[in-house]
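As structure tokens, the structure follows; a few thoughts come after it.
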Ligand code: DGL
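Residue numbers (this note's numbering): 91 to 363.
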């Protein structure tokens with residue numbers, strides 16, 4: 091029996107933090123990852139543009155016959171998920187709902203902080219998702235756009251990273267949140283610095299683990315999960331030359347990336363001309 095792969099995409103390398111958790115919890119699954127490195131960042135772009143990009147990438151992955159799609163980008167999950175679900179019929183998982191679920195379950199004081207890109211924070215997607223679970227929870231949000239280039243550059247625990255974290259997170263710390271959602275795929279890379287800045291007693295929530303749990307549950311319930319004795323293969327596509335993706339991606343994935351191919355979405359017929 092041949093098993094289809096899981097499709098997963100992000101604006102660039104950030105989604106590899108989600109892929110890492112998928113590989114950890116579902117090592118038997120094949121994956122196809124697309125990083126839209128030619129058009130990153132999404133976090134500063136309009137919802138219309140982000141949705142157009144997400145549609146094109148989903149078309150590309152669906153054409154490769156995937157069984158489930160993970161939008162491993164908080165910005166896409168925040169602004170484009172409904173449009174994707176309306177257009178495509180396969181199961182589609184975003185990272186906002188799983189992160190919101192986890193935050194709502196771990197907070198003790200009912201005060202949750204959420205950090206993310208400008209697009210994610212402007213959409214209020216996390217606030218809405220958390221309040222749908224428990225309307226009593228107070229959600230305090232903060233866009234931290236500079237964390238993305240810091241993570242890309244590998245400046246994750248130097249003075250610049252610490253000072254940036256201090257400035258961004260001061261307000262959330264003073265507001266007394268006991269839980270902080272890392273609402274951007276790049277932020278887990280800065281986890282140590284963010285944790286130190288917030289201090290003990292603040293629980294950090296990374297959507298990646300919870301997303302992997304959600305994916306495993308869907309595959310299990312729909313009998314699409316591969317037998318655990320098998321070993322998955324992982325293929326990567328990028329929309330710009332692979333060099334930068336390879337350099338930074340190894341750090342995000344926590345292992346060496348192989349099999350990275352550049353694709354031109356227009357040539358693949360995935361872009362409306
Ligand atoms: N992947 C994006 C996210 O999780 C961060 C990088 C970007 O702005 O494209 O929101």
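Glycine is no exception: its CB is placed at the ideal position from the N, C-alpha and C atoms.
Unbroken alpha helix (DSSP H) run spanning residue i, endpoints
i: residue 252; result: 249-264
i: residue 210; result: 208-213
i: residue 338; result: 333-343
i: residue 166; result: 164-169
i: residue 152; result: 137-152
i: residue 109; result: 106-115
i: residue 284; result: 281-288
i: residue 238; result: 237-243
Whole-angstrom C-beta distance between residue j and residue i, which should lie under 8 Å
i: residue 268; j: residue 165; result: About 26 Å; that fails the 8 Å criterion.
i: residue 335; j: residue 350; result: 6 Å
i: residue 208; j: residue 235; result: 6 Å
i: residue 254; j: residue 133; result: About 16 Å; that fails the 8 Å criterion.
i: residue 305; j: residue 156; result: About 12 Å separates the two Cβ atoms, so there is no contact after all.
i: residue 107; j: residue 298; result: 5 Å
i: residue 162; j: residue 186; result: Contact doesn't hold; Cβ gap of about 11 Å is too wide.
i: residue 318; j: residue 176; result: No, residue 318 and residue 176 are not in contact; Cβ-Cβ is about 34 Å, not under 8 Å.
i: residue 324; j: residue 123; result: 7 Å
i: residue 160; j: residue 183; result: 5 Å
i: residue 202; j: residue 223; result: Going by Cβ atoms, the distance from residue 202 to residue 223 rounds to 11 Å, so no, they are not a contact pair.
Contact test: residue i Cβ vs the ligand DGL heavy atom, cutoff 7 Å
i: residue 249; result: no
i: residue 164; result: yes
i: residue 148; result: no
i: residue 33; result: Outside the shown range of the chain, which is 91 to 363, sits residue 33, and nothing can be said about it.
i: residue 349; result: no
i: residue 50; result: What the structure shows of the chain is the stretch from 91 to 363, and residue 50 is not part of that stretch, so it cannot be assessed.
i: residue 297; result: no
i: residue 271; result: no
i: residue 101; result: yes
i: residue 207; result: yes
i: residue 104; result: yes
i: residue 329; result: no
i: residue 202; result: no
i: residue 210; result: yes
i: residue 238; result: yes
Option nearest residue i by Cα separation, candidates the options
i: residue 264; options: 232, 110, 295; result: 232
i: residue 220; options: 194, 130, 127, 125; result: 194
i: residue 283; options: 322, 261, 140, 241; result: 241
i: residue 188; options: 102, 245, 308; result: 308
i: residue 361; options: 150, 110, 131, 245; result: 150
i: residue 129; options: 318, 99, 155; result: 99
i: residue 340; options: 94, 117, 103; result: 103
i: residue 290; options: 301, 299, 270; result: 270
i: residue 94; options: 111, 120, 116; result: 120
i: residue 109; options: 300, 191, 177; result: 300
i: residue 200; options: 275, 292, 245; result: 292
i: residue 279; options: 316, 310, 342; result: 342
i: residue 61; options: 347, 348, 329, 333; result: This structure cannot speak to residue 61, because the chain is shown only from 91 to 363.
Terminal residues of the beta strand (DSSP E) in which residue i lies
i: residue 326; result: 324-328
i: residue 99; result: 96-100
i: residue 233; result: 228-233
i: residue 123; result: 121-125
i: residue 200; result: Here residue 200 belongs to no beta strand (DSSP E), and DSSP marks it neither H nor E.
i: residue 293; result: 293-296
i: residue 269; result: 269-273
i: residue 180; result: Premise fails: residue 180 is in no beta strand (DSSP E) and is neither H nor E.
i: residue 128; result: Careful: residue 128 lies outside any beta strand (DSSP E) and carries neither H nor E.
i: residue 161; result: 158-161
i: residue 351; result: 350-352
heavy atom of the ligand FAD below 7 Å from residue i C-beta
i: residue 325; result: Only the ligand DGL can be found as ligands here, which leaves the ligand FAD out of the picture.
Cβ of residue i within 8 Å of any chain C Cβ
i: residue 119; result: Given the protein chain composition of this structure (a single chain), no chain C is represented.
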